[in-house]
Each structure stands twice: as structure tokens, then as C-alpha cells.
Amino acid sequence: MRFTYLFFLLNIFIFFSCKQQKQHLSKISASKIEITDSLEVNAKIDAFIKPYRDHIDKDLDSVLAYAVDTYSKSDGKLNTALGNLMADAIYSEVNPVFNKRTGKNINAVILNHGGIRSIIPKGNVSPRTAFQLMPFENEVVVVGLKGKRIQDIIDYLITQRRAHPIGGLKLTLDKNFNLVNAKINDKNIDPTKTYYFATSDYLYNMGDNMTFFQPNEGFYKLNYKIRNVLIDYFKKVDTINPVADDRFIQLN
Amino acid sequence: MKRRDFIQQASAGTALITMGSMGLQSFGTSPKMSKITVLHTNDVHSHIDAFGPEDGRNANKGGVARRASLIESIRQENPHTLLLDAGDIFQGTPYFNYYGGELEFRLMSKLKYDATTIGNHDFDNGIDGLFTQLPHAKFEFITSNYDFSNTIMDTHTKPYKVFKKGGIKIGVFGLGIELKGLVDPAMYKETKYMDPIEASQEMTRILKNDKACDLIICLSHLGYNYRNNPEKISDLKLAAATKDIDLIIGGHTHTFLPKPTIVKNIEGKKMLVNQVGCYGINLGRIDFYFDNDKNKTANGTSIVV
Numbered sequence: 003m004r005f006t007y008l009f010f011l012l013n014i015f016i017f018f019s020c021k022q023q024k025q026h027l028s029k030i031s032a033s034k035i036e037i038t039d040s041l042e043v044n045a046k047i048d049a050f051i052k053p054y055r056d057h058i059d060k061d062l063d064s065v066l067a068y069a070v071d072t073y074s075k076s077d078g079k080l081n082t083a084l085g086n087l088m089a090d091a092i093y094s095e096v097n098p099v100f101n102k103r104t105g106k107n108i109n110a111v112i113l114n115h116g117g118i119r120s121i122i123p124k125g126n127v128s129p130r131t132a133f134q135l136m137p138f139e140n141e142v143v144v145v146g147l148k149g150k151r152i153q154d155i156i157d158y159l160i161t162q163r164r165a166h167p168i169g170g171l172k173l174t175l176d177k178n179f180n181l182v183n184a185k186i187n188d189k190n191i192d193p194t195k196t197y198y199f200a201t202s203d204y205l206y207n208m209g210d211n212m213t214f215f216q217p218n219e220g221f222y223k224l225n226y227k228i229r230n231v232l233i234d235y236f237k238k239v240d241t242i243n244p245v246a247d248d249r250f251i252q253l254n
Numbered sequence: 112m113k114r115r116d117f118i119q120q121a122s123a124g125t126a127l128i129t130m131g132s133m134g135l136q137s138f139g140t141s142p143k144m145s146k147i148t149v150l151h152t153n154d155v156h157s158h159i160d161a162f163g164p165e166d167g168r169n170a171n172k173g174g175v176a177r178r179a180s181l182i183e184s185i186r187q188e189n190p191h192t193l194l195l196d197a198g199d200i201f202q203g204t205p206y207f208n209y210y211g212g213e214l215e216f217r218l219m220s221k222l223k224y225d226a227t228t229i230g231n232h233d234f235d236n237g238i239d240g241l242f243t244q245l246p247h248a249k250f251e252f253i254t255s256n257y258d259f260s261n262t263i264m265d266t267h268t269k270p271y272k273v274f275k276k277g278g279i280k281i282g283v284f285g286l287g288i289e290l291k292g293l294v295d296p297a298m299y300k301e302t303k304y305m306d307p308i309e310a311s312q313e314m315t316r317i318l319k320n321d322k323a324c325d326l327i328i329c330l331s332h333l334g335y336n337y338r339n340n341p342e343k344i345s346d347l348k349l350a351a352a353t354k355d356i357d358l359i360i361g362g363h364t365h366t367f368l369p370k371p372t373i374v375k376n377i378e379g380k381k382m383l384v385n386q387v388g389c390y391g392i393n394l395g396r397i398d399f400y401f402d403n404d405k406n407k408t409a410n411g412t413s414i415v416v
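These protein sequence lines are chains S and P, in that order. Residue numbering for the first sequence follows this note's numbering, beginning at 3 and increasing consecutively. Residue numbering for the second sequence follows this note's numbering, beginning at 112 and increasing consecutively.
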């Protein structure tokens, strides 16, 4: 018994002795190192990236269309050429997909002004243009809304007084920002009818305070990214020449 | 029985310390002082190339090839270096849209990253999209509060990992942000989010008590601080509510801290919370100096930030 204990103690003894001594944290120092052009480029790493970069550049800079002018989201007050192009591209590219899947048609489109992330500069339009306009991965979704609920959308647009891109919906305001006229597909809005709005998944989830998509009369996810909509649209048209029109205006 | 063993060991240990002072330390092989360098990034968001000269305040900054030379020179200076990332590796440049994160993971492997945690944007191609890229990653994915057991990521992440550098044991665990409301459920599928504080308590217990780590680092994608939502868990809140964490390396909020924040943990001990912005513009560096216990000063640890 005593021997066992001694043996045990001896074991522990040797174990502890040969083990590294417990270390004690004595000092901590910290710094933030900025990655600037004064640092050397690691040639091996850069060579590894190059084929990927070249492939993307080649693809992104392939010419899809030609823009006759420079278009910016700040070109107009309540509707802009650029915003109209985006809303109309969504309608023309997405409606066939939506119709094929559901047998229904999109009646209107609404996006947000803040979601337009760059201009379209005059000259060649490429996939890079679409990446700059829409760097995010947001997708188009379609939401069914009863006519009577569309008042919430109209109220939102009147309150915001911004050129949120719209399509299919036409709003006329008087000089005091009171609604004069609201139409969908050039017809008066039927409060009992279900209208199908295309928008982004971001806005559907109440982004930019667009709280009017829920509850709804149906939600359709199409797995179609807005950026890909734009790329597909640019592929189809030769000339980019959008205009500001009368879809959302204020009378003098 | 277990308790009895412990008492026996404890008394044997006491005997040893007495004998230890009788000149038997010569067994000890550890150097007098060890230095561990922790390098870290967060929210690189597929920024592989440096920003161009026209990119506003980020002009000419960042770039993986430059970060590579910097890391290499630091490793030459101190081989006991750990390189970590706090998530959101994916999404932000066409590299991700074209290659789904392959190049990001391959480059991090070439730079010899040791580990990362998982950010919300790392689910942007779905949990399947993340899984698909795993063969390109030669580093660990550490997450302690995402339960992936009903997903394809099951068994491909670790709740913690102990790294040994220069005789020092460094325990690393990872925390992800709540995905509900932030990421489409179709993307994260049956990933379960668990309470970060509870996860930290369990991890620090394991790393401190069971694994006897000398240093504990938390890789967090919770976000630095939410001033307008003080109830929301953040790195600052986590730091103050836990113990035994020496460093939280944060992400998500793209916070450019000029230097790490010193926070008092629940025991009143000082620890560090750091985050270095985003897009690979900065590399964070923290050096931990270890001394033999016998040289321990009454002042504890001095922090120079």
C-alpha cells in the first residue's frame, strides 16, 4: 500500500518535472497594419490569381450594347431614364418566366432608388455595367396584392417623393403632392382584383421601409437575380436609350 | 473516487513544487520567454485584387498578393504565428459570382490561414455552395454555436481547436451571428443557431480546464457593438459577460478600430476585442509574450495597444 503510493507519487513527480513549466502571459502588444501599395506584391500569388482575373475581365468587358448617353439615378425628380430602364427590363425579362410558371402576368414593377448603385456611362455596355448597377445578389420576386392594398404603395411613393423605379403603375400628383390619378396598365385600379408586383427579395422583406408586400395574395420566388435580368436585357437590345416619361409626375 | 484522486494529485503536486526548487528544473526544455503572433482579417468579401486608384478612400489599398508578402515577412520574424479570419470571406466582387468562393479559399490556403469562423455571407450560395468549396480550404472552419448536424456541413466544422505554437497551447473557438432575418432560410436550411454566451461558457471551460490552454481566442462574426440595439449580442457584450477569453477577433460590422478595445470581463480581468474593418484593407496583429511562471510579476499582464 505504501509502496503503491510512493510509486504513484514518483510518477506524478517525473511527469511534472519533465513537463514544460506553466507559461504566464506577461505582455500583449497590438498593431493594425494597413495593406498599401508600399508592400511588395507576392509574384507567386499574383500569378496564381491572374488566369482567374483574365477570364473575368474578358467576360465582364465583353460588349453587350451601346449607351447613347450617360444615365444617372439623380437625373430626375420622380422618375428617371435609368430607373425606368431597370423597371422595364424587369418587366420584359421576368414576365415571360413568371407567365410560363404560373399562367399569370406581372402588372407592375417597383424597385428602390437606393438600389441603383451606379450610373450607365455613355459608350459600351458590358456585364461589368450590370455588376456596377447591381453588385448585390438580390433576386426578383413576384407578389400578389389586392387592388385596395395598392393605396399603401401609392402613399409610400407620394411620401418618399423619390424616383423609386416603377413600371406598369402610373401616378399623377398635383403641385401639393396630392394624388390626381393612379392607374395600373392604363386602367383604374380595381380594389377587388389581384395585381402582381415584381420587386426584389430585399424590398419584399421590408427593405427601405416597403412594408406593403405583407400580407399578400401569393408570393413567387423565381431564382432570377436582378443583375442577370440586366445582363439578359443588355444582350437583347443594341442601343440603350431610355427616357424619363409620365409614369410618375407632378403637375404644375 | 475522482475527487480523491484529485486531492492525491494535488498533494503530490505540492510535494513536487518543493522538490522542484531543489534544482530539478533542468528537465524543463521550454525557453524563458515565448512570443505568439496572432494575425487576423475579417469581412474580406472576395476582395482579392487591390482597390484601384479611383476607389475613393480605399484607393490603392488591400490586395491578397500584398497581404501575402506581409504575412510571409512576419512569419520569418516569428514562426510561432497564427493566421485567423472572422468570416464573410465570400461575396463582394465578381470573383465570387464567377467562381463561388473557390479562389478565396485557395488563396487563404496558400497564405496558410489556420482557421476561420463562418459569416452570414458565407451562406450566400447556400449551405451547399459553402460545402462545395470546402475541398479548396486547407484550414479549419471553427464554429461553436451553429449546429450543422441536420445539414450537409455536418462534421466539416469544429467547435474548437487547440493550436500548439512554441510550447504554447492556443485554444480557438468560433461564434456566428443569428441567421434568422439576416439570411434567407432556403440558404442556411436546418442550421441551428445557439446562444453565443452559453456556447462561450462551454468552450472556455473545455479550453481552459480540460485542454489547459495558455491562450483563448474567440473568432466572432457577431458584430462589434450595436449602439441602437443594446439588447443585441455583440463582441463588447460577449466580452463583458464571459471569462477566460484573452482575445475576441470580430467581424460583421466592418468596424475599423484604430486599436483593440480593452474590455473587463465578468471577473474584472482585462481582455481585448479587435476588428480591422473589411475588404482586406488591414491586417490585425497581436503579439502575446509568455514568461515562465517563476518570473511572474505582481503586475500581471501589461497591455500595450
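Glycine residues also receive a C-beta, built at the ideal position from the N, C-alpha and C atoms. Every value quoted in this text rests on a predicted model; they were computed, and no experiment measured them.
>> Assuming residue 141 of chain S is part of the beta strand (DSSP E), what are its boundary residues?
In response: 141-148
> Counting contacts by CB-CB distance shorter than 7 Å, is residue 12 of chain S in contact with chain P?
Replying inline: Low local confidence applies: a pLDDT of 47 at residue 12 of chain S is under 50, so the model's placement there is unreliable, and no value is given.
>> Taking the straight line between their C-alpha atoms, what separation do you get for residue 264 of chain P and residue 229 of chain P?
In response: 11 Å
> Do we get a CB-CB distance below 7 Å when we pair residue 157 of chain P with the residues of chain S?
Replying inline: no
> Are the C-beta atoms of residue 221 of chain S and some chain P residue less than 7 Å apart?
Replying inline: no
>> Contact defined as beta carbons within less than 8 Å: I believe residue 179 of chain P pairs with residue 222 of chain P. What is the distance between those atoms, to the nearest angstrom?
In response: 5 Å
> Which of the three DSSP states, helix, strand or coil, is assigned to residue 116 of chain P?
Replying inline: With a pLDDT of only 47 at residue 116 of chain P, under 50, the local geometry of the prediction cannot be trusted, and the value read off the model is given with reservation. It is helical.
>> Give me the subset of the segment 50-70 of chain S whose CB atoms are less than 8 Å from a CB atom of chain P, sorted by chain position.
In response: 50, 51, 54, 55, 57, 58, 61, 62
> In its own chain, which residues sit with a C-beta less than 7 Å from the C-beta of residue 157 of chain P, not counting the 5 before and 5 after it?
Replying inline: 201, 202, 203, 204, 206, 207, 215
> In whole angstroms, what is the alpha-carbon distance linking residue 241 of chain S and residue 214 of chain S?
Replying inline: 35 Å
> Going by alpha carbons, who is nearest to residue 299 of chain P out of P/350, P/240, P/328?
Replying inline: P/240
>> By the three-class DSSP mapping on this structure, what secondary structure does residue 25 of chain S have?
In response: strand
> Any idea if residue 301 of chain P is buried or exposed, counting beta-carbon neighbours within 10 angstroms, 16 or more meaning buried?
Replying inline: exposed
>> Rounding to the nearest angstrom, what Cα-Cα distance links residue 151 of chain S and residue 108 of chain S in this structure?
In response: 16 Å
> According to DSSP, which residues form a beta bridge with residue 59 of chain S?
Replying inline: Beta-bridge pairing links residue 59 of chain S to no other residue.
> Just the Cα atoms here: how many angstroms apart are residue 190 of chain P and residue 399 of chain P?
Replying inline: 13 Å
>> Considering Cα atoms alone, identify which of P/393, P/238, P/372, P/321 is closest to residue 152 of chain P.
In response: P/393
> Which of helix, strand or coil does DSSP assign to residue 401 of chain P?
Replying inline: strand
>> Quick check: is the beta carbon of residue 393 of chain P nearer than 7 Å to any beta carbon in chain S?
In response: yes
> For residue 208 of chain S, is the classification buried or exposed, using 16 other Cβ atoms within 10 angstroms of its Cβ as the cut-off for buried?
Replying inline: exposed
> Which value, in whole angstroms, describes the spacing of the CA atoms of residue 128 of chain S and residue 306 of chain P?
Replying inline: 46 Å
>> Within 10 Å of its beta-carbon, does residue 173 of chain P have 16 or more other beta-carbons around it, so buried, or fewer, so exposed?
In response: buried
> Residues of chain S with a CB under 8 Å from the CB of residue 173 of chain P: which are they?
Replying inline: 37
> residue 178 of chain P versus chain S: which residues are under 7 Å apart at the beta carbon?
Replying inline: 37
> Considering only C-alpha positions, which residue in the set S/142, S/126, S/133, S/122 is nearest to residue 114 of chain S?
Replying inline: S/142
>> Helix, strand or coil for residue 91 of chain S? Go by DSSP, reduced to three states.
In response: helix
> Per DSSP, residue 375 of chain P is paired with what?
Replying inline: P/381
> Can you find a C-beta in chain S that's less than 7 Å from the C-beta of residue 412 of chain P?
Replying inline: yes
>> I'd like the ranges of any beta strand (DSSP E) spanning at least 3 consecutive residues and lying wholly in the segment 179-215 of chain S.
In response: 181-186, 196-202
> If you draw a straight line from the alpha carbon of residue 64 of chain S to that of residue 167 of chain S, how long is it in whole angstroms?
Replying inline: 27 Å
> chain P partners of residue 25 of chain S, CB-CB under 8 Å?
Replying inline: 141, 145, 278, 279, 325, 401, 402, 403, 404
>> Distance cutoff 7 Å, beta carbons only. Does residue 44 of chain S sit that close to anything in chain P?
In response: yes
>> Please classify residue 415 of chain P as buried or exposed, where buried requires at least 16 other C-beta atoms within 10 Å of its C-beta.
In response: exposed
> Does the segment 249-264 of chain P touch the segment 358-371 of chain P, meaning 3 or more C-beta pairs lie closer than 8 Å?
Replying inline: no
>> Is residue 200 of chain S close to chain B? Criterion is C-beta to C-beta, closer than 7 Å.
In response: This model lacks chain B altogether, as its protein chains are S and P.
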